[in-house]
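Top line first, the protein sequences correspond to chains A and B.
Numbers 0 to 319, taken from numbering that gives the first Met the number 0, label the letters of the first sequence in order.
Numbers 0 to 258, taken from numbering that gives the first Met the number 0, label the letters of the second sequence in order.
By construction, the Cβ of each residue, glycine as well, lies at the ideal position given by its N, Cα and C atoms.
Here the structure is a predicted model, which means the values were calculated and not measured.
First comes the structure, then the notes that go with it.
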Amino acid sequence: MIPAHVHPAAPVERDPHYNFGYLDESTKRMLRRALLKAVAIPGYQVPFGSREMPLPYGWGTGGIQVTAAIIGANDVLKVIDQGSDDTTNAVNIRRFFGRVTGVATTESTRDASIIQTRHRIPETPLGKGQIMVYQVPIPEPLRWLEPSETETRTMHALAEYGGMHVRLYEDIAQYGHIATTYDYPVMVNGRYMMRPSPIPKFDNPKLDHSPALMLFGAGREKRVYAVPPYTSVKSLDFADHPFTIEQWDECCDVCGSTNTFLDEIILDDQGTRRFVCSDTEYCAHHAAGAEDKKEPAQQRAAAARVDASTIGHIPAGAAS
Amino acid sequence: MSAIQPLLSVRNMTHTWDGVHGCRDIDFDLFPGEVLCVVGESGSGKSTLLQAVSYQVTPKFGSVWYDTRDAGFTDLARLTAAERRMLARTDWGFVRQNARDGLRMQVSAGANIAERLMAIGDRHYGDLRAVAGEWLSKMEIEADRLDDTPQQFSGGMQQRLQIARNLVTRPRMVFMDEPTASLDVSVQARLLDLLRQLVTDLDLAAIVVTHDLAVARLLAHRTVVMRGGYIVESGLTDQILDDPQHPYTQLLVSSILQS
């Protein structure tokens, strides 16, 4: 156990009793195989043998297993929950990885090589070499339409996605516009329909042709899926009701930003409210006016990845 | 008759669930625009026949041929699963006895009708809504019920909505399993009237499974009588009803209350 005097946000000592990344090596290999398949077939849900993790389902067991499988000693980890670096879930997962891997952790989106997230994509544009890991509660976009897993798999295999528009039709019929605001279904690479995890639809455009690799892990449902870099991700819509993202009349109360996802905070019973950025790191950075001062450390992270990938390099000519 | 190409041909088809119960040695042709009624007592294999002919279950023996729009007259066993599902979604319709089995009860009538169109790639909300409204009025349901869910509809309206939902892609063939059985007599009459009109207007071929000879009398050009999994008699509906040959058919016809 962590001694009581250690501040929760403070870095934790690497605990040598655990294997690097908590999972054993063969489990990590199984996960990496599943992830490779997921990357090869963008948006396709690959089953994997989900393990018991030392926290309950619904707290990010899928994301943690994905992170554990891909993390290396040189990686820099950032964990966010609802855009915030200092909520319980984010602090706990960050400390967990500090303890079982000893890797550096950060709150800076630019410095991170792996970002594990729940409910948001950071406002700072992601760069080449970065990996986003999403915690997914329900991976199957067709589940509300069809309770049978066999049937939904057939529907995916045959690309029978017409029924998904029934939901959008219903939204427009009832509310006059598409009222789905989060976990908004997308088509990946023009082939597979995917749930982007419960991110607001505000973040959906960030998935499209992103230079970063997106990995999705659902622990309870035992599925991983992926969006490789520079892959088209299109949100569903109608020709006469195109996809739109949320907009606010207000700007952020802390940093004055007008183009970020804002949380509404009710301050008293008189209806006083304020709006602040949900991405706390971006907000603080923006408020300090230090937007471009930091040297982009993602290049360092990218270099570290290249090193790692050359370890398993097969000499040219060995094939055929 | 032989000059006309049948829409559907069933040859020597057998399907049993457990080696005993089901339908056996089924042979018939169905021509475009023709309505065929399948009558018989409970457990005589009527529903099994319908499911096997429409390939909801794969028949154990024999073959079913259908005149597809793309490939012409084809053995359904040769089509891929994807092609069969496409066929079932576009060129066929399924009307079930209980409307709640064939409808999405949680979404509006409009969405129910438009679903098949969305499934074949229609992505314009305004158009979809217009088509749904058109079909609703064709089914004699007021246009302002378009955004109500089927739960708020009466049984007869639900059944008519189910029919509209199936006909929206202009299928050439409809499978109906006891379409009027769960309705009261006056609503039955109205639905039958509507069905007869639709079948003529749209030149629909239909296989109607029923235990109600009155339905057969009103709708069907031809009737087959089933018993114990076999077709015991088949022919023109009037012929079957007025001059039954097989003892079981005679029993069936004589059991109708004469008014």
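- At a cut-off of 8 Å between C-beta atoms, A/A178 does not count as an interface residue with respect to chain B.
- Of the candidates B/S185, B/G120, B/V224, the residue whose Cα lies closest to the Cα of A/A238 is B/G120.
- For A/V165, a Cβ of chain B is located within less than 8 Å of the residue's own Cβ.
- Within the segment 52 to 79 of chain A, not one residue has a Cβ closer than 8 Å to any Cβ of chain B.
- DSSP, read as helix, strand or coil, puts A/E263 in strand.
- Contacts with chain A at 8 Å (Cβ-Cβ) include B/V106.
- When DSSP assignments are scanned along the segment 228 to 252 of chain B, the uninterrupted stretches of alpha helix (DSSP H) that are 4 or more residues long and fall wholly within it turn out to be 236 to 241.
- Per DSSP, reduced to three states, the secondary structure at B/H220 is coil, with no helix or strand assignment.
- Here B/R88 is not near B/L75, since their CB atoms are 8 Å or more apart.
- By the C-beta density criterion, B/V106 is buried, having at least 16 other C-beta atoms within 10 angstroms.
- With 16 or more other CB atoms across the displayed protein chains lying within 10 angstroms of its CB, A/T151 is buried.
- A/E169 is classed as buried because its beta carbon has at least 16 other beta carbons within 10 Å across all chains shown.
- Contacts between B/I119 and chain A, judged by CB atoms closer than 8 Å, involve G161 in chain order.
- Between B/Q161 and B/G109, the CB-CB gap reaches or exceeds 8 Å.
- Scanning A/P136, A/G128, A/V78 for the CA closest to the CA of A/T104 turns up A/V78.
- For the segment 2 to 26 of chain B, the full-length beta strand (DSSP E) segments reaching 3 residues or more read 7 to 15 along the chain.
- Between B/R226 and B/T236, the CB-CB gap reaches or exceeds 8 Å.
- By the Cβ rule, the segment 52 to 60 of chain A counts as touching the segment 205 to 223 of chain A, because three or more pairs are nearer than 8 Å.
- In terms of Cα proximity to B/Q157, the closest of B/H20, B/H123, B/R99 is B/R99.
- Contact of B/Y124 with chain A is assigned, a C-beta pair being separated by under 8 Å.
- Straight across, the Cα-Cα distance linking A/G101 with A/D74 is about 10 Å.
- Among the residues of the segment 264 to 294 of chain A, none has a Cβ less than 9 Å away from any Cβ of chain B.
- Leaving aside the five residues that flank B/V167 on each side, the residues in its chain whose CB is nearer than 7 Å to its CB run, in chain order, I112, R115, L116, V130, W134.
- Remark: three or more beta-carbon pairs, one from each stretch, lie closer than 8 Å, so the segment 77 to 96 of chain A and the segment 114 to 124 of chain A are flagged as touching.
- Of all residues in the segment 124 to 151 of chain B, only Y124, G125, L127, D146 come within less than 7 Å of chain A when Cβ atoms are compared, listed by chain position.
- Interface with chain A (8 Å Cβ-Cβ cutoff): B/A81 is included.
- Neighbourhood of A/F237 in chain B, by CB distance below 7 Å: R122, H123, Y124, in chain order.
- Between the segment 239 to 253 of chain A and the segment 85 to 94 of chain A there are fewer than three C-beta pairs closer than 8 Å, too few to call the two in contact.
- Counting the other CB atoms within 10 Å of its CB gives A/H285 a total of 16 or more, which places it among the buried residues.
- Not flagged as an interface residue toward chain A: B/G92, since no C-beta distance is shorter than 8 Å.
- Taken through DSSP and simplified to helix, strand or coil, A/P136 comes out as coil.
- The Cβ of B/E33 sits no closer than 8 Å to any Cβ of chain A.
- Contact between A/V45 and A/V223 is confirmed by a C-beta separation of about 5 Å, below the 8 Å threshold.
- For B/A113, the residues of chain A that pass the 7 Å Cβ criterion are Y168, in the order they occur in the chain.
- For B/G42, the nearest beta carbon of chain A is not closer than 8 Å to its own beta carbon.
- Secondary structure of B/M104 (DSSP, three-state): coil.
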